[in-house]
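Report on the structure given below.
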Amino acid sequence: MAKTKKNVTILVLDERSTKTLHMDVRHLNAIRPALIGLTAASLILAGVCSTLALSYYQKLKLTSQQRAENSDLQQQVVDLRQATSEEIERKVSALSKSEQSLQKLQQYLRDRGIKTKPISTAPPPLSNEPNDAAGGPELELAVTMNVPYTGTFQSDVSQLLTTVRQVPLGRPAYGSLSSRFGVRSNPFSGRGSELHSGLDFRGTTGDPIRTTADGTVVFAGTLNGYGNLIRVRHGYGYETYYAHLSAINVRVGQKVSAGDTIGKLGSTGRSTGPHLHYEVRLDNKPLDPENYLSLASGS
49 MAKTKKNVTI LVLDERSTKT LHMDVRHLNA IRPALIGLTA ASLILAGVCS
99 TLALSYYQKL KLTSQQRAEN SDLQQQVVDL RQATSEEIER KVSALSKSEQ
149 SLQKLQQYLR DRGIKTKPIS TAPPPLSNEP NDAAGGPELE LAVTMNVPYT
199 GTFQSDVSQL LTTVRQVPLG RPAYGSLSSR FGVRSNPFSG RGSELHSGLD
249 FRGTTGDPIR TTADGTVVFA GTLNGYGNLI RVRHGYGYET YYAHLSAINV
299 RVGQKVSAGD TIGKLGSTGR STGPHLHYEV RLDNKPLDPE NYLSLASGS
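Right, dumping it as structure tokens:
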């Protein structure tokens, strides 16, 4: 059978003329594969573009997260630097306070004059000879001491300063020693022995007498062999006695600070001549005051 020839008619109309354009269907069959390939390529290209767009979006999102993480890290670094700076400032401040406390402690010790022990400028009296600047009662000897600490350097220095101010330190008078603590000859006759409960400082009537620590006056008057006597109660069970005074410048209950003038040297009571009888007691037991005149060992 003979194939029937088919024609497709495409009309192209022009306003100025009317013409008929004829295209053979075979021409369409010829370009159909190209159209199909073009469509497939378009679909593939669209898929590739979608994939690339998704990848770019994910990368963009990741970059944004990285920026946020970097920003957080930078802020943490800033915070750490600020925290470190504040910590350094706190430590510097603490060291400064410690240094100030230490300077106060050193200045206090210098003011108390405790770097050297007083040494008698006159030879001690020979056995069986009287002493012209001695006296006072004799008592039993006992020695103890307890100083608290808090645990940190700055606190310990501050605590030490507070403690030191309440412990008798330094000299109550500036004369030479005429009689030391312990067993001695009778100062009036030079014969026999007695226990001396303090130190005797030779001096001139009217010389100033100064307290050796912060405290409260608990006695100011006349007492037996002490003559005119001042007793000052300090911290930690310490008391100091200042005897044979020619004048008393304080009253009972008065607060005094280390270095304050509390009376004047004299020769009242059981005394052979002008001097200060000075005692340091702990829980009412007399100690050797010479151990409290200096912190320098062997001086």
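The opening residue of the sequence shown carries number 49 in the working numbering; numbering runs sequentially from there.
Virtual Cβ for every residue (Gly too), placed ideally from N, Cα, C.
Nearest-angstrom beta carbon gap, residue j and residue i [assumed within contact, 8 Å]
| i | j | result |
| --- | --- | --- |
| T252 | P322 | 6 Å |
| G306 | R160 | The sequence shown places Ala at residue 306, not Gly. With a Cβ gap of about 6 Å, A306 and R160 count as contacting. |
| S224 | R250 | 5 Å |
Residue i vs residue j beta-carbon contact at 9 Å
| i | j | result |
| --- | --- | --- |
| I278 | Y286 | no |
| L247 | P337 | yes |
| L150 | V205 | yes |
| T259 | V300 | no |
| N272 | G317 | yes |
Inter-residue Cα distance where the pair is residue i and residue j
| i | j | result |
| --- | --- | --- |
| T211 | L324 | 26 Å |
| A116 | Y104 | 18 Å |
| A261 | G218 | 9 Å |
| L293 | Q155 | 29 Å |
| D308 | T270 | 21 Å |
| T164 | R158 | Caution applies to T164, whose pLDDT of 44 falls short of 50 and renders its modelled position unreliable; the value that the coordinates give is listed next. Distance between the alpha carbons of T164 and R158 is about 10 Å. |
| Y274 | S319 | 8 Å |
| L91 | C97 | 10 Å |
| Q123 | Q114 | 14 Å |
| H282 | E327 | 13 Å |
| F229 | K152 | 31 Å |
| N332 | S227 | 21 Å |
| A221 | K145 | 33 Å |
| G95 | L102 | 10 Å |
| Q148 | L121 | 40 Å |
| L69 | L100 | Annotation note: pLDDT 47 at L69 (below 50); position unreliable, coordinate value reported separately. Computed Cα separation, rounded: 45 Å. |
| N118 | L93 | 36 Å |
| N1 | Y284 | Look at the range of the chain in this structure, 49 to 347, and you will see that residue 1 is not part of it. |
Residues of its chain near residue i, where Cβ-Cβ distance is below 6 Å and the 5 sequence neighbours each way are ignored
| i | result |
| --- | --- |
| V298 | V265, A268 and I310 |
| M193 | Its pLDDT being 43, under 50, M193 is placed unreliably by the model, and nothing is read from it. |
| Q302 | V265 |
| S168 | With a pLDDT of only 46 at S168, under the threshold of 50, the placement of this residue in the model should not be trusted; the figure read from the coordinates follows. Excluding residues within five positions, the ones whose Cβ falls inside 6 Å are S224 and L225. |
Proximal residues to residue i (C-beta, below 8 Å), its chain only, five neighbours per side dropped
| i | result |
| --- | --- |
| R329 | Y286, E287, T288, Y289 and L335 |
| S345 | Caution is warranted here: a pLDDT of 49 is assigned to S345, below 50, making its placement in the model unreliable, and no coordinate value can be reported. |
| V231 | S241, E242, L243 and H244 |
Distance cut-off 8 Å: residue i Cβ against heavy atoms of the ligand MN
| i | result |
| --- | --- |
| D262 | Within the structure as shown, the ligand MN is missing, as the structure has no ligands at all. |
Close beta carbons around residue i, own chain, < 7 Å, minus the five adjacent residues each side
| i | result |
| --- | --- |
| E186 | For E186, the predicted structure reports a pLDDT of 47, less than 50, and the residue's modelled location is therefore unreliable. A value from the coordinates is still provided. Around E186: E242, L243, H244 and S245. |
- Okay, do the region 306-315 and the region 253-262 touch, 3+ Cβ pairs below 8 Å being the bar? yes
- Message: Is it the case that the region 267-278 contacts the region 228-247, given that we only count it when at least three CB pairs across the two stretches are under 8 Å?
- Response: Too few Cβ pairs lie closer than 8 Å, so no.
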